[in-house]
Amino acid sequence: EELVGAMDDESDTDDDFETVEDLYRSLGYDIDDESSDPLHTFSDRYMGAPNGKVTYLENLRDSMYAKLKGKKKGGDFSERYSIAHISSSVIPTYNPGLRIWEYNITEFNSLDNSESEAQGSQTLAGKLSSYLNTSAKNTTFHYGDWSYFFQQLENLLDDEEQIEKLITELESSPDKMNSSEYLQMKAPSKDKTIPNIMPASLPLGPAYIPQALSPERYVQYYVDLNEVNYQKKDIDSWKFNYKLHYSTDDKFESRGLLVKDWVNFGRKLAKTAPVKGKETEKLGDSETQLKGEKLWKNYVDRAFISSGYQE
Amino acid sequence: ATDANGFTSARVVHGRFLHITDMHPDELNVIGAAIRKQCHKKMKNVVSNMDVSHKYGDPMSGCDSPLDLYSSTLEWLRTNVKDHIDFVIWTGDNIRHDNDRAHPRTEAEIFDMNERVVADFIDTFMDDGEEEETVFDRRVKIVPSLGNNDVYPHNLFAPGPTLQTRELYKIWRDFIPTEQMHTFDRGAYFLREVIPGKLVVLSINTLYWFQSNPLNDNCDSRKQPGYKLFLWLGATLKECRRRGLKVWLSGHVPPIPKNIHHSCYAKISVWMHEYRDLIIGGVWGHMNIDHWVPMDSVKAWKSIKKRLLAAGAWDESNHFPFIDYDQM
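Printed below as a string of structure tokens:
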């Protein structure tokens, strides 16, 4: 609250890049030259020690976090957005890290085997147990076996392959490339990989509104290898241990994990630096400014698993 | 997990899951080796302690994980985590990088290491007494996904069925429900009900969206593996909605601008948006950096609309009418 009214619509900036293509350009990718070597443009070039990763985070902040919208343009629950969570690795590129997520289970406290995913591969005891459990509890019907669905899916994918073959055939004979059949099959409107809009009658799910399975917190663990390698006198007697790195409810972050919490957090992070091409947004007094800088510094430190990479 | 009569007893849901990624165990890693030699070889003229490898690895050296780090990590998970979680999302890269000219990786080596890591994962997360259980009945469900280093050549993965998808099925057979064998063979993607009747994790082979996979150009053309992956994803999400299941997405390469073609990014963004009644989020690996990326559905829909308008194929009354948040 001290930092910013992060969800305050007054602070919504105008969108200076509207589409995904604009976003890519703002991040420095040359999408207009499709003939350019994509491996070179996008590839995971680094195979040795990491470099340029602070700039990567700063670009992310300036081009994506800074563009996050408040309630007016992002929705009451930030439903305009979804989140990609990228975790630390075990490989010591920085320090080894792991994440344990915690989610809401207040609506169910036990499972019975009647809903097992693999009916076909259960043991006899398991099947009998499932039967007994189902009868005794008169549980609600579950679809259970997925076989039928996957058979149907196989048919669908086979049909698609047939259409693809037909298109290739037609493309090999130029006179047929203007046929209505070909044009119809190639029409972008036939793109089956674009979803229907979500029916308005459906409620928002666990990512947006607290309910069963909503993520509530995660805990990040790490091994401080600089400490282990250079400060332990006798590494062989040291007991290997992942220690607490941080949790999302600690005093520094102190936030939930719903999408609106992430958006709120991103908007706070974005305020810690000027947005490229824009006038610096005032954070208020110098104390508030200091808190903002500390927030970003801490975020970067956590991003590199407290390895000191950014220094 | 079983009572005295051998029946599987009711299972407690802990409300926790583990996300682990990019283990990169390296059999060639030697303690005291030169960092400039990828920690594979000792050198006489290295004088600083900073320039040689250590037992549990060396941050920012470019070296992979020593086996001591790998095995100690699994042991720590078995002791401290296994009994407190419901499932594991494990997002790949289970072998060293191909960064040593003196020791180029072979396909067989990649498969062998993946097989070894699978066996170690099963040992780590198997409850006592579960040895005899059918693998799918085990309490802690494991959902692996394919890393760009788990395939040969590096980054390159063709649509299946191929020898690689077959081999991968064999390696992951304990994790992939049998009825998905054929679907898996098409592209190394599958799903698991990690909390039966409640929660599903999708293992998405994001190498089909990955810009560094030379076999992928975009996600708009029918022939592209990325397009085909979206066909599977769309059908799967529809079925999950029909069954009332909630969904976590998972995979190795994050579907973000740094890694995937803009057409793929636009599509995954709109799918996540239009299934916001069930998708909880996506957990990904590959980048080594602990961070998060927002996916903006409005930008994504605008891109799709622009493409269709240019092709004269946009129809406001079509099956995917556009929601304009700016005017909402």
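Chains as they are written, first to last, in the working numbering: chain G, 1 to 311; chain B, 1001 to 1328. Where a beta carbon is used, it is the ideal one built from N, C-alpha and C, also for glycine.
Taking Gln220 (chain G) as reference, the option from B:Val1013, B:Val1012, B:Phe1017 and B:Arg1011 with the minimal CA-CA separation is B:Phe1017.
DSSP places Gly1281 (chain B) in the strand class (E or B) of the three-state scheme. Of the residues assessed, Ser173 (chain G) falls on the exposed side of the cut-off, its CB having fewer than 16 other CB atoms within 10 angstroms.
For a Cβ distance threshold of 7 Å, residue set Ala84 and His85 of chain G lies close to Gly1282 (chain B), ordered along the chain.
Nearest CB-CB separation between Glu253 (chain G) and chain B: not below the 9 Å threshold. The shortest CA-to-CA distance from Tyr56 (chain G) to any of B:His1291, B:Asp1296 and B:Lys1306 is the one to B:His1291.
By DSSP's assignment, Phe1210 (chain B) forms a beta bridge with B:Ile1260.
Each of B:Leu1163, B:His1019, B:Leu1207 and B:Phe1175 was checked against the Cα of Ala1119 (chain B), and the nearest Cα belongs to B:Phe1175. Counting other Cβ atoms within 10 Å of its Cβ, Ser78 (chain G) reaches 16 or more and is therefore classed as buried. In the structure shown, Glu107 (chain G) adopts coil according to DSSP, grouped into three states.
Per the Cβ contact rule, the region 1079 to 1086 of chain B is not in contact with the region 1022 to 1036 of chain B (fewer than 3 Cβ pairs under 8 Å). In this structure Ile1171 (chain B) is buried. Its beta-carbon is surrounded by 16 or more other beta-carbon atoms within 10 angstroms. Separation of the CB atoms of Gly1244 (chain B) and Trp1271 (chain B) is rounded to 19 Å, and the pair is thereby denied contact status at 8 Å. Taking a Cβ-Cβ threshold of 7 Å, the residues of chain G close to Ile1304 (chain B) are Ile194, in chain order. With a threshold of 16 other beta carbon atoms within 10 Å, Ile1089 (chain B) meets it and is buried. About 16 Å separates the CB atoms of Tyr299 (chain G) and Leu257 (chain G); that is not less than 8 Å, and the two are not in contact.
With respect to Trp1301 (chain B), His1262 (chain B) sits apart: the two C-beta atoms are not nearer than 9 Å.
Among the CB atoms of chain G, none fall inside 9 Å of the CB of Asp1083 (chain B).
For Tyr1265 (chain B), the closest alpha carbon among the candidates B:Ile1280, B:Asp1128 and B:Cys1219 is that of B:Cys1219. For Tyr182 (chain G), no Cβ of chain B is located within less than 9 Å of the residue's own Cβ.
With a contact defined as Cβ atoms closer than 8 Å, Ser1065 (chain B) and Asp1026 (chain B) qualify at about 6 Å. In the displayed model, Ala1034 (chain B) falls within a strand according to three-state DSSP.
Here the alpha carbons of Lys1044 (chain B) and Phe1230 (chain B) stand approximately 53 Å from one another.
Taking the C-beta atoms as reference points, Tyr65 (chain G) is found no nearer than 9 Å to Asn1049 (chain B).
Below the 7 Å Cβ cutoff, chain B contributes no neighbours of Asn178 (chain G), its closest Cβ being approximately 15 Å away. According to DSSP, Glu102 (chain G) shares a beta bridge with G:Arg217 and B:Arg1016. Chain order gives no chain B residues near Val54 (chain G), where near means a beta carbon separation below 9 Å; the closest approach is about 10 Å.
DSSP places Val1247 (chain B) inside the beta strand (DSSP E), whose first and last residues are Lys1246 to Gly1251. With respect to Lys1267 (chain B), Ile100 (chain G) sits apart: the two C-beta atoms are not nearer than 9 Å.
Flagged as an interface residue toward chain G: Leu1077 (chain B), by a C-beta distance shorter than 9 Å.
About 5 Å separates the CB atoms of Gly1282 (chain B) and Ala84 (chain G); that is less than 8 Å, so the two are in contact. Residues of chain G with a Cβ closer than 9 Å to the Cβ of Ser1297 (chain B) are, in chain order, Glu79, Arg80, Tyr81 and Ser82. According to DSSP, residue pairing for Val1293 (chain B) in a beta bridge involves G:Ala84. For Pro1066 (chain B), there is no enclosing alpha helix (DSSP H), as DSSP gives it neither H nor E. In terms of Cα proximity to Asn264 (chain G), the closest of G:Asp62, G:Lys69, G:Thr19 and G:Glu58 is G:Lys69.
Assignment of Pro1144 (chain B) by DSSP, reduced to helix, strand and coil, places it in the strand class.
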